[in-house]
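*Asks:* Add 21 to a position in the sequence shown, counting from 1, and you land on the number used in my numbering. By construction, the Cβ of each residue, glycine as well, lies at the ideal position given by its N, Cα and C atoms. Owing to the predicted nature of the structure, the values given are computational and were not obtained by experimental measurement.
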Amino acid sequence: RLSKEGYQIINEYNDPPNENFPDHDHDSDELLVVLEGEIKQVIGPVVDVYFAGEDIPALRNALVTKSGGRRVVLEVAQHLGLGRVRAIALQDTTGLVRGLEVLDTGGPVTVPVGEKSLGRLFNVIGDPIDGKEAPDAPRLPIHREPPQFKDQRTKAEVFETGIKSIDLLAPFIKGGKVGLFGGAGVGKTVMMQELIRNVATEHAGYSVFAGVGERVREGNDLLHEMTETGVIDKLAMVFGQMNEVPGARARIALSGLTMAEYFRDEMGKDVLFFMDNVFRFVQAGSEVSSLLGRVPSAVGYQPTFADEMGQLQERITSTKKGSITSVQAIYVPADDLTDPAPATTFSHLDSTIVLSRQLASLGIYPAIDPLESNSTALAPEIVGEEHYRVALEVKRVLQRYKDLQDIIAILGIEELSDEDKQLVYRARKMQRFLSQPTHVAEVFSGIPGVYVPVAETVRAFKEILEGKHDDKPESAFYMKGAIDTVHNDQPTGKVHTRKESV
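1. Residues in the same chain with beta-carbon distance under 6 angstroms from Gly470, minus the five sequence neighbours each way, listed in chain order, please.
2. First and last residue of the alpha helix (DSSP H) that includes Lys416?
3. Helix, strand or coil, according to DSSP, for Leu101 in the structure here?
4. Can the beta-carbon of Ala231 be found closer than 8 angstroms to that of Gln112?
5. Is Gly234 helix, strand or coil when you go by DSSP?
6. Where does the unbroken beta strand (DSSP E) through Asp291 begin, and where does it stop?
7. Does the region 421-428 come close enough to the region 214-232 to have 3 or more Cβ pairs within less than 8 angstroms?
8. Would you kindly work out how many angstroms separate the C-alpha atoms of Asp242 and Thr248, rounded to a whole number?
9. Could you check what DSSP says for Ala83 in three-state terms: helix, strand or coil?
10. Nearest to Ser377 by CA position, among Thr86, Gly208, Gly102, is which residue?
11. From Gly128, Lys185, Glu154, Phe170, pick the residue whose C-alpha is nearest to that of Leu161; which is it?
12. Report the rounded CA-to-CA distance for Leu52 versus Pro324, giving the unit in angstroms.
13. In this structure, does DSSP put Leu371 in helix, strand or coil?
14. Check each candidate in Lys61, Tyr71, Ser186 and name the one with the smallest Cα separation from Pro474.
15. Please give the ranges of any alpha helix (DSSP H) in the region 126-196, keeping only runs that are unbroken, at least 4 residues long and fully inside the region.
16. Suppose contacts are defined by Cβ-Cβ distances below 8 angstroms. Is Tyr386 in contact with Ser496 by that definition?
17. Taking the alpha helix (DSSP H) that Gly268 falls in, what are its first and last residues?
18. Can you grab the Cα-Cα spacing for the pair Gly147 / Pro133, in whole Å?
19. To which residues does DSSP link Arg91 through a beta bridge?
20. From this set, Ile345, Ala305, Lys290, which residue's C-alpha is nearest Glu329's C-alpha?
21. Please go through the same chain and pick out, in chain order, the residues whose beta-carbon is closer than 6 angstroms to the beta-carbon of Ala271, but skip the five residues on each side of it.
22. So which of Ser372, Glu282, Val479, Lys87 has the shortest CA-CA distance to Gly197?
23. Which same chain residues, not among the five before or five after Leu333, have their C-beta less than 8 angstroms away from its C-beta?
24. Which residue wins for smallest C-alpha separation from His100, given the options Leu80, Gly90, Gln443?
25. Three-state secondary structure (DSSP) at Ser339?
26. Give me the DSSP bridge partner(s) of Met258.
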């Protein structure tokens, strides 16, 4: 039976209170029945709790305790027997001692959902971390089943991004999963921000950003940049920062995904879900597994790794009401693609976007590598016969140009055949035309951003391949949107050139 002090702790956790704990008259003698336990052992972020009665909390239930006026939330991970459960802390356990009272909340961790969560920053348990009051919004548990097969949309449908290089060569699928590979300084953040902006303005959709093991600085930068570009009211953000306990980093992706699911299922929106970084999600799960005493599997990863990844990825899908399309930044340890972390992630991806440092150094943004990037959606039955043929021909021409670069560097372009010369000139124009001014970078570049529909992109590259623009200089194609804006004039921006190394 719950005391008034215990009720206050529960009520603080459920602020606003959820249906498990209805309004309670503090002046009455009525008591609420709740499982009450006691801390028996604290080993870092692992806490063992003893419950004296016959009942114990279910797996994944949230437990709450208080130490020095600070509330700490735990999640049940194991049943040890004889009334003892082992829980993983979702917050710092500093100050927790044996004998402290622990209360079962009666369900999993919940987070606020709906439009009132937009423009806000939350932690793993749904508490605001942006210095503002908690929103008066409904809350949903972070552990949920994926949509049933009968509710999913079986027809593959292309998700238009308005970014030429993506839409032409590595198109997104609604409800698909996109892997984003890129190091520091190649434009990964700008691309994510542009996608958020395009979804908000062109699709009237929402975005959710989950910072999994993110640096605090990056979260702060994202908040201010999204505010400056005017799309903050279409974006919800959750952060499990890299200084937090492994339980928080292992669950923060589920918190963000729960918010995205509400927009999809209850509001019928097409949602873009960003997760940065997938490797840190895996790493946090490995830490939790070690703390729970599980025997590690290959390369030290948790034995339940594939299952945990599947539970997360299967919730990212299209339904008949809306879709969640995810863009997942992926770190590859030691550039080893056979490492279990990236290797298991690859099996879930529909598209792969690789950002090239060489293209970024040439000033070609977005610096998407047209040969390394690919998508399962690039098939005639999904994108259409013409789109498919044009994309394959663009890749063929760019690949042939890459093969000829050594010959050009050694002997010069004049030694090539007339056919190869023509191919090289067209390849350079296509390479520059794959650049595109973005809305979020407009304040820095001074070039107005453009959104290019897929049909316009396909038409443009088809005309370049057919030679309709052979009379125009390469520089005229740099930082342009539609092909109709390419004229025999000076470019609006400057592309850096190197001796035949492009």
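*Replies:* Result, derived from the coordinates:
1. Pro458, Thr459, His460, Glu463
2. 406-432
3. strand
4. no
5. coil
6. 291-297
7. no
8. 10 angstroms
9. strand
10. Gly208
11. Gly128
12. Only weak support is given to the placement of Leu52: the predicted model assigns it a pLDDT of 44, under 50, and the question is left unresolved by the model.
13. The amino acid at residue 371 is misidentified as Leu; the sequence shows Asp. In the structure shown, Asp371 sits in coil (DSSP, three-state: anything other than H, G, I, E or B).
14. Ser186
15. 185-190
16. no
17. 267-286
18. 6 angstroms
19. Ser88
20. Ala305
21. Ala305, Gly306, Val309
22. Ser372
23. Ala274, Leu275, Leu278, Phe302
24. Leu80
25. strand
26. Leu142, Phe230
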